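Going down the list, the sequences are from chains A and B.
Residue numbering for the first sequence follows the numbering used here, starting at 303 and increasing by one per position.
Residue numbering for the second sequence follows the numbering used here, starting at 155 and increasing by one per position.
Glycine included, each C-beta is placed from N, C-alpha and C at the ideal position.
Remember, predicted model here, so these are calculated numbers, not experimental data.
Encoded as structure tokens, the structure appears first; notes follow it.
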Amino acid sequence: MSLNKMSLGRLVGEQYLFKWKAFAGVFNSMVALQLLAIVFTWGGTGMHGTSMGNVSLWMNYYSTDGVIGLTLVWVFFTSILITTKSYRNDDYLFITNRLSSNLANMAFLLSASTVAGLTAVFSQYLIQMIQYLRGNTFLTEALPLTTGEWLSGTAATILYVLFIGTIGYFIGNVVQLHRMLIIIVPVGLLGFLFIYDFNEPGFVSLYEFYFRETAFGLFAVKIIGTVFLLFLANILVSNRQEVRK
Amino acid sequence: MINFDIVLFPILLLAIIIGGVVLLIKFSSKQFPALRRKERWLLPLYGAVLIACGIVLAILDPFEEHSASGEGERRDFISLYDHMYSGNTEGIDAEYIRKDWEFTYSEKVLQITSSPSEELMASIFVEKVAGLGDEIEVIYYETPLYMNGEDMSGYIHPPDVTLSDGVVNILNPGENGYQEVELNMLRDPFTFNQFTGRTFMGDENGSTIIHGENVILIRVGEEKTLDLDPDSYIEYVNE
């Protein structure tokens with residue numbers, strides 16, 4: 303029993319700093335995945351062309367969609383990873399409880415999402431530089447993004463990463479409840495993907511609720527609200543976990 | 155002779171970016187002990203490369219800005235063929251003239267051909283004009299080609315026309331008379347498009363290709379006798 307009396311805020315702060323150092327390795331896999339996506343965009347991610355007589359005209363389109371996509375995959379599995387026993391046991395280096403551990407993990411996920419989202423957006427500069435070094439003619443948009451559009455797009459990217467990360471963290475926590483869930487949850491998810499009709503009105507509404515929202519403010523409220531609810535669910539789920547043996 | 159701009163400059167630029175970032179990390183690792191562990195280098199290194207690329211691109215600004223046109227502008231261009239078949243060549247607006255040539259030729263018989271003859275990038279029309287005498291006028295008209303709402307005409311080289319040994323020869327540009335134009339464009343990711351309303355390939359109104367018309371008009375004096383290459387599909391105006 304420790305004689306030190308620590309506030310929750312200080313405890314979470316120390317755990318967060320520790321996690322930031324201890325989990326630094328997960329960013330190496332993120333960089334590797336983003337670089338892999340950049341390599342995949344070498345020849346363009348879309349193409350449109352025409353020919354007339356002996357003139358052919360091709361337009362190659364490049365985007366960071368692939369980078370963002372792989373970043374979402376990365377954050378999903380990383381979030382599950384930090385709920386595993388070996389990572390959880392690191393928390394016992396500190397005076398801890400499940401609330402402080404969850405808060406520190408969420409703070410780490412928020413920071414990781416910010417880093418991952420920003421690097422995914424900035425990866426466009428590397429893609430453009432590669433094309434410039436290859437000597438390709440690159441066109442820019444006739445109507446460039448305004449500062450507001452750029453900021454909302456970047457923030458949306460970060461929110462998407464946080465959203466998927468929180469879902470992964472929730473699944474990771476649920477799986478920790480019982481050993482059998484390690485099999486049941488992935489099989490259930492894969493089965494759902496195979497047999498579910500994604501044209502069902504329920505899914506379409508859910509898809510449109512998040513991914514068709516065109517007002518950034520509403521989108522942010524929806525994502526942050528969902529993340530908050532999932533976080534509360536995480537606290538409830540982790541309270542049902544057995545104590546450390 | 156090595157062209158510095160094309161070959162050496164990009165390589166030098168790459169070396170400066172990589173070298174600068176490595177030096178920055180080395181310097182930073184002295185200030186921040188956490189960076190002394192090499193497995194923690196990758197993220198700062200990657201971030202520094204991305205930022206360095208952004209700064210270099212902002213300074214060099216090597217990209218061409220294209221101009222997207224409105225739907226109305228795209229649909230409003232004239233039909234060059236209508237003018238050719240109706241004989242109203244004088245009524246074509248000068249803004250559609252991409253290139254023109256003038257020659258003087260005093261012999262009576264004039265041959266006209268194209269090279270390669272099978273497929274020329276433009277239709278060829280001939281018009282006999284009273285009072286033109288020994289003058290030969292060749293005009294290349296072009297209405298814009300739009301791809302996803304973007305005017306691509308400027309990237310297509312016009313044909314060339316020569317007069318030699320009594321033969322007007324219309325030459326297709328490009329290697330072996332074949333022209334391949336490849337352009338690149340960075341599109342915003344879906345996380346941006348969701349709020350800007352843009353799509354990956356073109357906008358709602360411009361996700362199509364609208365071909366323009368390309369016509370070469372050769373105007374000669376009415377007293378000339380013309381020998382037209384049958385493989386070049388040359389037509390007379392107003393016929």
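At a cut-off of 8 Å, the C-beta of B:D314 has no neighbouring C-beta in chain A.
With a cutoff of 8 Å on beta-carbon distance, A:G419 and A:V463 are scored as near each other. Distances from the CA of A:M354 to each of B:D381, B:H311, B:F344 and B:T345 were compared; the closest alpha carbon is that of B:H311. Closest in alpha carbon position to A:S358, among B:D254, B:Y294, B:Y332 and B:E289, is B:Y332. In this model, B:G308 and B:M301 are separated by some 12 Å (Cα to Cα).
Distance from the CA of B:L382 to the CA of B:Y239, rounded to the nearest whole angstrom, comes to 18 Å. Within 7 Å of the CB of A:V333, the CB atoms of chain B belong to L196, L197 and Y200, in sequence order along the chain. According to DSSP, B:F257 shares a beta bridge with B:I290. Between B:S318 and B:V374, the alpha-carbon positions lie close to 16 Å from each other. DSSP places A:S402 inside the alpha helix (DSSP H), whose first and last residues are R400 to L435.
The C-beta of A:F511 comes no closer than 8 Å to any C-beta of chain B. Between the beta-carbon of B:A276 and that of B:I372 there is about 11 Å, and that puts the pair past the 8 Å contact cut. C-alpha of B:Q348 to C-alpha of A:L508: approximately 16 Å in a straight line. Chain-ordered, the chain A residues with CB closer than 7 Å to the CB of B:Y332 read N356. Pairing B:T243 with B:V391 gives a Cβ-Cβ distance under 8 Å.
For B:R352, no beta strand (DSSP E) encloses it, and the DSSP letter there is neither H nor E. Legend: CB atoms of the region 339 to 350 of chain B lying less than 9 Å from CB atoms of chain A belong to residues M339, L340, R341, D342, P343, F344, T345, F346, N347, Q348, F349 and T350. Under the three-state reduction of DSSP, A:W344 is assigned to coil, being neither helix nor strand. Less than 8 Å separates the beta-carbon of A:Y363 from that of A:T347. The alpha-carbon separation between A:G470 and A:I382 amounts to approximately 5 Å.
Each residue's CA atom was taken as its position, placing A:I460 and A:I485 some 30 Å apart. A:G455 and A:V417 have their alpha carbons spaced roughly 15 Å apart. Contact between B:L204 and A:Y427 holds: CB atoms are separated by about 6 Å, below the 8 Å threshold. Considered as a whole, the region 466 to 498 of chain A harbours 483 to 497 as its complete alpha helix (DSSP H) runs of no fewer than 4 residues, in chain order.
Secondary structure note for A:V523: its alpha helix (DSSP H) is the uninterrupted segment F518 to N541.
Remark: C-beta atoms of B:V322 and B:I290 approach each other more closely than 8 Å. Looking at the DSSP output, A:H350 bridges to A:M361.
Around the C-beta of A:F513, fewer than 16 other C-beta atoms lie within 10 Å, and the residue is accordingly described as exposed.
Looking at the DSSP output, B:Y332 shares a beta bridge with B:E329. Not a single C-beta of chain A is nearer than 8 Å to the C-beta of B:H237. Going by beta carbons, B:V315 and B:V292 fall inside the 8 Å limit. Residues of the region 310 to 337 of chain A whose Cβ lies closer than 9 Å to any Cβ of chain B, in chain order: K323, A326, G327, F329, N330, M332, V333, A334, Q336 and L337. Look at B:S386 here: in three-state DSSP terms it is helix. Rounded to the nearest whole angstrom, the C-alpha separation of B:I170 and A:G345 is 25 Å.
Per the C-alpha coordinates, the member of B:C207, B:I232 and B:L199 positioned closest to B:G366 is B:I232. If you draw a straight line from the Cα of A:I466 to the Cα of B:I172, it is about 33 Å long.
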